[in-house]
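**Student:**
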Amino acid sequence: MKRKLSFFLKPKSIAVIGASESPGKVGNSVFHNIISTFKGNVYPINPTKDEICGYKAYASISDVKDSVDIAIICIPAKFVLDVVKECVKLEIKGLIIISAGFKEVGGQGALYEKELKEISQQHEIRIIGPNCLGIVSPYYNGTFSAISPKKGNIAVVSQSGAMLTAILDWAETQDMGFSNFISMGNKVDVDETDLIEELANDPDTKIILLYLESVNDGQKFLKIVPDAVHKKPVIILKSGISEAGSRAASSHTGALAGNDIAFSIAFEKCGVIRAKTMTDLFDMARIFDRASLPKGNHFVIVTNAGGPGIVATDAFEAYNVGLSRLSSRITELLRVRLPPEAAVYNPVDIIGDAPPERYRIALETVFQEENAICAGALILVTPQAQTKPLGVAQVLKEIQEKFPQKLIVASFMGGSSMVKPINHLQDSTIPCYEFPEQAIKAIKFICEYVENQKKPNINSKKIARYRISTERISEIFDNAQIDGRNVLLSSETSEIFRLYGIKNPKTYIAKSPSEAEKLSTKIGFPLVMKVVSPDIIHKTDCGGVILNVKDEQQARDAFVRIINNVQKYGPLNAKIYGIELQEMVQTESFKKSTQMILGMTRDPQWGPLLMVGTGGIYTNFLKDVSFDLAYKYDKEEAIAQLSKTKIYNILKGVRGEPPSDIEAILNVLVRISQLVHDFPQIVELDINPLLVFEESPEHDAYSAVDIKITIKQKKK
Amino acid sequence: MSKSIYIMSTASASGKTAVSIGLFLVFKEDGMNSGYFKPIGDPFSDVKVTKADKDVNVIHRMLDRKYSREEICPIFISPTAFLDEIPFDKVKGVQELIKDAFEEMASKTDILFIEGNHDYTQFHSLGLDDPQLAKLLESPVVLVSMCKDDSDLDKIIMALEEINRNELDLKGIILTNMTDLQLTKIKEKYEQIFQRRNVPLLGVIPQSKLLSSPTVGEVLEATGGKLLTEEINVVKDNRVERFIIGAMQCNDAITYMRKSQNLGVITGGDRSDIILTAIELGVSLIVLTGNLQPEVQALAKAEEEGIPIILVSTDTYTTAMNIQNVRIQIQQGETDLCKEQAQKYLDWKKLY
């Protein structure tokens with residue numbers, strides 16, 4: 011169990027290793043920042059000086075006789091390891107290694123980092139960095155950046171140091187206060203999950219914002235972060251969404267970017283709010299920082315202009331945020347209290363000549379509604395001839411005081427005339443946005459957060475397990491490895507699925523036309539014949555599948571045809587193990603037959619990612635599939651996943667068709683989830699098609715027709 | 127005069143060297159003073175990785191350097207420009223040189239295995255093809271051939287007819303590198319064809335990934351590339367069983383990469399995502415084309431995981447073709463496998 015990180019946020023004493031008096035040196039900037047901001051004991055370490063900036067200097071960290079909480083290291087990389095070992099011996103709690111020259115430069119630097127990682131794994135000491143900016147907070151500035159943020163409640167954690175300095179600089183011009191800025195650098199020890207966990211318990215932090223390019227350990231994140239999110243909002247900007255962005259992220263961090271879908275799902279499972287842009291990140295931060303959580307999820311728009319009201323209405327719809335349907339009592343009251351030209355339904359348009367008082371009247375009226383009907387209001391102010399924006403801002407403050415339970419979000423649309431009113435709201439709980447869309451997006455996320463808080467923590471879920479005898483399956487995997495295969499043969503996949511209680515048709519492999527002829531009679535007709543080759547991914551495309559083989563002679567001919575087709579159209583030198591003969595499922599005997607695809611790919615950061623959707627040969631073109639991580643996966647998760655596909659409606663039964671055996675699909679999904687958990691060596695799995703028939707009382711109206719399993723090659 | 131067996135093949139890379147080495151070692155273990163002779167070798171390569179005909183080098187070391195390379199292989203002739211090297215009026219001299227060297231070597235051994243040219247037709251225009259050399263050396267012959275499909279059977283039959291035409295003493299045929307499917311076909315079809323022609327089938331050797339896959343060193347040589355990671359000696363003998371070109375999106379590439387063992391990935395140096403995925407999946411080799419240097423992070427990761435990266439100046443297509451044409455040689459450490467295969471799959475006593 012590694013030591014918690016609170017000492018990094020509020021250390022009692024700090025040593026700066028590499029502290030310098032020479033301007034321009036990192037050690038000088040860091041030491042200068044520390045002595046200007048930190049109130050505790052400071053120890054400059056420099057073997058060539060007796061004194062630095064009036065502080066007694068020490069030749070080495072071992073010469074400091076007092077206890078040191080953290081050491082900030084800013085010396086060349088080649089000297090860092092020795093110093094770290096010294097700090098371990100002295101039982102210093104934590105290190106911030108600002109020095110660069112590690113993994114990011116490759117070669118010797120990568121070796122230094124490897125050793126650094128080993129040290130951190132073997133000892134209690136915690137390490138932030140290397141190659142990082144450090145930590146800056148209202149408590150101390152342990153970086154080489156001269157800017158210290160305004161005190162507040164937002165913690166920012168970043169994988170990119172430059173991103174952090176840009177935010178620090180920008181924050182000076184904004185109405186936001188910060189509790190911590192932490193740069194993680196190469197994440198040799200302390201990573202995003204550790205920091206989220208720590209900041210969740212930090213009383214000075216109300217919201218945690220992160221900029222990430224990768225996640226160190228997906229499973230750890232899934233275990234820890236849901237707890238943190240139940241304490242406070244965690245908003246993450248994860249870059250590398252696009253293919254090109256993902257490549258850039260890989261280049262930058264030297265880590266695999268992972269599948270972006272998996273990131274989104276993982277964040278959703280944990281209740282993390284995902285920002286897609288920098289603007290989003292701070293728009294969301296603003297609402298969480300200022301406002302109280304809303305008590306409902308329907309809102310009123312109060313505007314002094316029709317156009318912005320319509321734009322806002324569209325955005326409410328687009329972001330799927332509820333618009334209040336005001337009761338007739340309230341609309342009647344509004345009709346009485348507002349000018350006859352005003353619109354009294356939502357949006358409430360108090361028209362262009364509205365003085366500040368009219369905003370008061372409208373809001374006091376609509377806020378009479380219960381929270382369930384009206385949890386708050388979006389106020390739109392446009393600069394018209396009679397508009398007094400500053401007066402409106404004052405009214406909003408007073409209304410908020412009177413109705414503290416209601417969420418008020420404002421958009422003062424315009425330029426110079428709106429600066430004063432916006433500034434006037436800075437010390438209030440009313441977040442203010444330039445345009446209504448930003449405001450509504452922020453409202454959407456705060457509502458989602460509230461909804462998420464009502465859900466139980468995913469980690470509290472108990473997952474029932476099927477009892478499976480796994481020895482035989484391990485043996486199958488071992489045999490495949492001995493045979494030099496990563497792809498299992500159909501006979502092997504068929505056996506594994508049967509052991510996991512998933513039905514699939516009878517299958518044999520023939521090695522010659524005459525063997526095909528003989529085996530065909532054991533199965534019966536008609537049957538399907540398919541090439542068995544790990545090198546052929548799309549069998550149909552190269553003529554590797556022949557359906558509806560009706561007799562022995564056709565089986566013999568099909569064998570030769572498939573071999574010829576594959577040699578002609580398949581990949582060069584594809585290894586062919588034989589031709590599979592499989593019972594052909596007689597779909598005509600069912601009232602309804604639907605082709606589904608079920609699959610799993612193991613994401614390098616998040617583990618097994620399950621897929622379900624429309625199957626058959628058009629799968630790749632229709633792209634009607636949905637994904638979920640096989641983490642705490644049960645039928646509840648399975649139905650939620652399946653219901654995100656278009657085929658789900660067809661499965662439920664349309665145009666008089668009977669419903670399909672949806673329960674059977676859920677069973678197969680849950681069993682696959684267990685299989686891929688039980689055997690981490692499975693890296694890919696596909697069933698296409700899984701034929702699903704009309705609902706049956708036993709929930710077994712399906713057949714897993716074509717199954718592929720790929721296992722991981724054992725590392726040499 | 128000792129016995130000699132002339133081993134010829136229908137095509138290059140059919141497994142002649144593996145069979146020759148295997149037989150050499152099996153007979154040695156059986157108490158014979160066995161020898162090896164290669165009438166014509168490949169000239170030395172200019173590329174630094176392998177400086178000489180590797181087959182000869184391997185045998186030279188296997189024989190504990192008892193005989194010089196010149197004794198084992200008296201002449202090296204370019205397979206592509208032999209007319210420039212050997213004018214027709216010099217052919218007789220070459221034949222005499224080979225005959226003398228052969229007799230010298232034969233006098234020192236109980237049984238001499240003669241490894242023929244790349245295929246039995248090579249140097250036919252000079253009269254130095256395998257059937258004519260076997261006749262010159264009065265040596266019984268063994269035909270080695272792969273048999274991937276029926277078209278290879280045609281080649282075998284043609285070779286057998288050429289052997290008959292030259293009135294050579296055919297000891298039998300050895301089929302190599304056979305897949306499971308072909309093994310079944312041999313039993314069902316080919317055996318009868320050979321029986322009808324009175325050709326003994328001396329053995330059928332199944333496919334061996336080890337002996338049929340190029341090494342990192344061979345790929346390096348074939349592509350003329352530069353190894354960016356580690357010292358060549360650490361990785362040069364690592365085998366690469368299959369290659370893919372990583373030009374697709376990373377998530378799609380993963381599916382292809384996961385399916386093969388000991389994989390080589392050909393991609394551009396700017397594809398850090400593909401490179402990192404390949405490293406993560408533990409491939410055997412990464413070849414970067416177009417002289418695009420990889421990101422330092424990717425290179426560091428490859429170093430850390432011990433995965434070799436070769437940088438080549440050619441485009442991806444040319445690189446893939448160069449790799450496709452790589453000539454696979456037996457490595458020093460694989461001679462035991464050759465012996466094991468000969469013992470297990472060949473009716474070698476029939477060669478006494």
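Top to bottom, those sequences are chains D and Y. Going by the working numbering, the first sequence opens with residue 11, and the numbers climb by one from there. Going by the working numbering, the second sequence opens with residue 127, and the numbers climb by one from there. Glycine included, every Cβ here is placed at the ideal spot set by N, Cα and C.
(1) Provide the residue span of the beta strand (DSSP E) that contains A227 (chain Y), from first to last.
(2) Give a yes or no on whether the minimum CB-CB distance between G494 (chain D) and chain Y is below 7 Å.
(3) Fully enclosed by the region 491–561 of chain D, which beta strand (DSSP E) runs are 3 residues long or longer?
(4) Do L729 (chain D) and A648 (chain D) have their C-beta atoms within less than 7 Å of each other?
(5) Tell me the residue span of the alpha helix (DSSP H) that contains Y382 (chain Y).
(6) Please report the straight-line C-alpha distance between Q467 (chain Y) and E357 (chain Y), rounded to a whole angstrom.
(7) At a CB-CB cut-off below 8 Å, which residues of chain B make contact with T310 (chain Y)?
(8) Could you please tell me which residues of the region 407–436 of chain Y, in chain order, have their CB closer than 7 Å to any CB of chain D?
(9) In this structure, does DSSP put V282 (chain D) in helix, strand or coil?
(10) Given a cut-off of 7 Å on the beta-carbon distance, is the pair I217 (chain D) and F277 (chain D) in contact?
(11) Looking at C-alpha atoms only, which residue of D:M288, D:L388, D:D437, D:M428 is the closest neighbour of G187 (chain D)?
(12) According to DSSP, is M158 (chain Y) helix, strand or coil?
(13) Report, in whole angstroms, the separation of the C-beta atoms of L151 (chain Y) and K385 (chain Y), which I expect to be a contact under 8 Å.
(14) By the DSSP assignment, the alpha helix (DSSP H) with L343 (chain D) in it spans what residues?
(15) Please classify V346 (chain D): is it buried, with 16 or more other beta-carbons within 10 angstroms of its beta-carbon, or exposed?
(16) Measure the alpha-carbon distance for I133 (chain Y) versus L149 (chain Y) and round it to whole angstroms.
(17) I need the straight-line Cα distance from S338 (chain Y) to E367 (chain Y), nearest angstrom please.
(18) I think D276 (chain Y) touches S135 (chain Y), with their Cβ atoms under 8 Å apart; what is that distance to the nearest whole Å?
(19) Which residue spans inside the region 237–292 of chain Y form an unbroken beta strand (DSSP E) run of at least 3?
(20) My guess is that A144 (chain Y) and I456 (chain Y) are in contact by the Cβ rule of under 8 Å, so how many angstroms apart are they, rounded?
(21) Who are the neighbours of L337 (chain Y) on chain D, taking C-beta pairs under 7 Å?
(22) At which residue ranges does the region 571–638 of chain D contain complete beta strand (DSSP E) runs of 3 or more residues, listed in the order of the chain?
(23) Should K177 (chain Y) be labelled buried (16 or more other beta-carbon atoms within 10 Å of its own) or exposed?
(24) Run down chain Y in chain order and give the residues with a C-beta less than 7 Å from the C-beta of N2 (chain D).
(25) Quick check: the Cα distance between V175 (chain Y) and N364 (chain Y), rounded to an integer number of angstroms?
(26) Just to make sure I have the definition right: I need the residues of chain Y whose C-beta is within less than 9 Å of the C-beta of Y587 (chain D). Which are they?
(27) Can the beta-carbon of I392 (chain Y) be found less than 7 Å from the beta-carbon of F369 (chain Y)?
(28) Taking a Cβ distance cut-off of 8 Å, strictly less, list which residues of the region 359–383 of chain Y are near chain D, in chain order.
(29) Where does T176 (chain Y) fall in DSSP's three states?
(30) Would you list the residues sitting across from V312 (chain D) in a DSSP beta bridge?
(31) Any residues in the region 387–410 of chain D with a beta carbon nearer than 8 Å to a beta carbon of chain Y? Which ones, in chain order?
(32) What is the residue span of the alpha helix (DSSP H) that Y658 (chain D) lies within?
(33) Under DSSP, the beta strand (DSSP E) around N226 (chain D) begins and ends at which residues?
(34) What are the residues that DSSP puts in a beta bridge with C63 (chain D)?
(35) If you measure beta-carbon to beta-carbon, which residues of the region 538–567 of chain D are closer than 8 Å to chain Y?
(36) Tell me whether the beta-carbon of L639 (chain D) lies closer than 7 Å to the beta-carbon of I145 (chain D).
**Tutor:** This is what the structure gives:
(1) On the second sequence, position 101 is the one that residue 227 (chain Y) refers to. Unbroken run through A227 (chain Y) is the alpha helix (DSSP H), 217–233; no beta strand (DSSP E).
(2) By 1-based counting over the first sequence, the position of residue 494 (chain D) is 484. By this cut-off, G494 (chain D) is an interface position.
(3) 517–520, 537–542, 555–559
(4) There is no way to answer for residue 729 (chain D), as the model of chain D reaches only from 11 to 726.
(5) Translated into the one-based positions of the second sequence, residue 382 (chain Y) becomes position 256. Element bounds for Y382 (chain Y): 376–385.
(6) Here residue 467 (chain Y) refers to the residue found at position 341 when the second sequence is read from its first residue. Here residue 357 (chain Y) refers to the residue found at position 231 when the second sequence is read from its first residue. Approximately 32 Å, taken between the alpha carbons.
(7) The question asks about chain B, but that chain is absent: this structure's protein chains are D and Y.
(8) G408, E421, V422, Q423, A424, L425, A426, K427, E429, E430
(9) Taking the first sequence and counting its residues from 1, the one referred to as residue 282 (chain D) is at position 272. V282 (chain D): coil per DSSP, three-state reduction.
(10) Taking the first residue of the first sequence as 1, we reach residue 217 (chain D) at position 207. Taking the first residue of the first sequence as 1, we reach residue 277 (chain D) at position 267. Taking 7 Å as the Cβ cut-off, I217 (chain D) and F277 (chain D) do not qualify as a contacting pair.
(11) Here residue 187 (chain D) refers to the residue found at position 177 of the first sequence. When each option's Cα is compared against that of G187 (chain D), the closest is D:D437.
(12) Within the second sequence, the letter at position 32 stands for residue 158 (chain Y). M158 (chain Y): coil per DSSP, three-state reduction.
(13) Residue 151 (chain Y) sits at position 25 when you count from the first residue of the second sequence. Residue 385 (chain Y) sits at position 259 when you count from the first residue of the second sequence. Not a contact, Cβ separation roughly 35 Å.
(14) Within the first sequence, residue 343 (chain D) is the residue found at index 333, counting from 1. First-last of the alpha helix (DSSP H) with L343 (chain D): 338–347.
(15) The residue you call residue 346 (chain D) lines up with position 336 of the first sequence. Exposed, since its Cβ has fewer than 16 Cβ neighbours within 10 Å.
(16) The count along the second sequence starts at 1 and reaches residue 133 (chain Y) at position 7. The count along the second sequence starts at 1 and reaches residue 149 (chain Y) at position 23. Roughly 10 Å separates the two Cα atoms.
(17) Translated into the one-based positions of the second sequence, residue 338 (chain Y) becomes position 212. Translated into the one-based positions of the second sequence, residue 367 (chain Y) becomes position 241. Roughly 8 Å separates the two Cα atoms.
(18) As a first step, residue 276 (chain Y) must be located in the second sequence, where it is residue number 150. As a first step, residue 135 (chain Y) must be located in the second sequence, where it is residue number 9. The pair is not a contact, with the Cβ atoms about 18 Å apart (cut-off 8 Å).
(19) 237–241, 267–272
(20) Residue mapping note: residue 144 (chain Y) aligns to position 18 of the second sequence, counting from 1. Residue mapping note: residue 456 (chain Y) aligns to position 330 of the second sequence, counting from 1. Contact holds; Cβ gap of about 6 Å.
(21) In the second sequence, the residue the question calls residue 337 (chain Y) occupies position 211. Under the 7 Å cutoff, chain D gives no residues; its nearest Cβ is about 13 Å from L337 (chain Y).
(22) 588–593, 603–613, 617–624
(23) Mapped onto the second sequence, residue 177 (chain Y) falls at position 51. For K177 (chain Y), the predicted structure reports a pLDDT of 44, less than 50, and the residue's modelled location is therefore unreliable. The matter cannot be settled from this model.
(24) This structure cannot settle anything about residue 2 (chain D), because the visible part of chain D is limited to 11 through 726.
(25) Sequence index remark: in the second sequence, residue 175 (chain Y) carries index 49 (1-based). Sequence index remark: in the second sequence, residue 364 (chain Y) carries index 238 (1-based). Confidence at V175 (chain Y) is low in this model, with a pLDDT of 42, below 50, so its placement is unreliable and no value can be given for it.
(26) Reading the first sequence from its first residue, position 577 is the one you call residue 587 (chain D). Ordered by position in chain Y, the residues that pass the 9 Å Cβ test against Y587 (chain D) are T305, D306, L307.
(27) In the second sequence, residue 392 (chain Y) corresponds to position 266, counting from 1. In the second sequence, residue 369 (chain Y) corresponds to position 243, counting from 1. In this structure, F369 (chain Y) lies closer than 7 Å to I392 (chain Y) by Cβ.
(28) E367, R368, Q375, C376, N377, I380, T381, Y382
(29) Looking up residue 176 (chain Y) in the second sequence gives position 50. A caution first: T176 (chain Y) carries a pLDDT of 43, below 50, which makes its placement in the model unreliable, though a value can still be read off. Coil at T176 (chain Y), not helix or strand.
(30) Sequence index remark: in the first sequence, residue 312 (chain D) carries index 302 (1-based). V312 (chain D) pairs with D:V358, D:I389.
(31) none
(32) Here the question's residue 658 (chain D) lines up with position 648 in the first sequence. Start and end: 657–662.
(33) Taking the first residue of the first sequence as 1, we reach residue 226 (chain D) at position 216. That residue, N226 (chain D), is in no beta strand (DSSP E); it is neither H nor E in DSSP.
(34) On the first sequence, position 53 is the one that residue 63 (chain D) refers to. Paired residues: none, contrary to the question.
(35) P544, D545, I547
(36) Here residue 639 (chain D) refers to the residue found at position 629 when the first sequence is read from its first residue. Here residue 145 (chain D) refers to the residue found at position 135 when the first sequence is read from its first residue. Contact: no.
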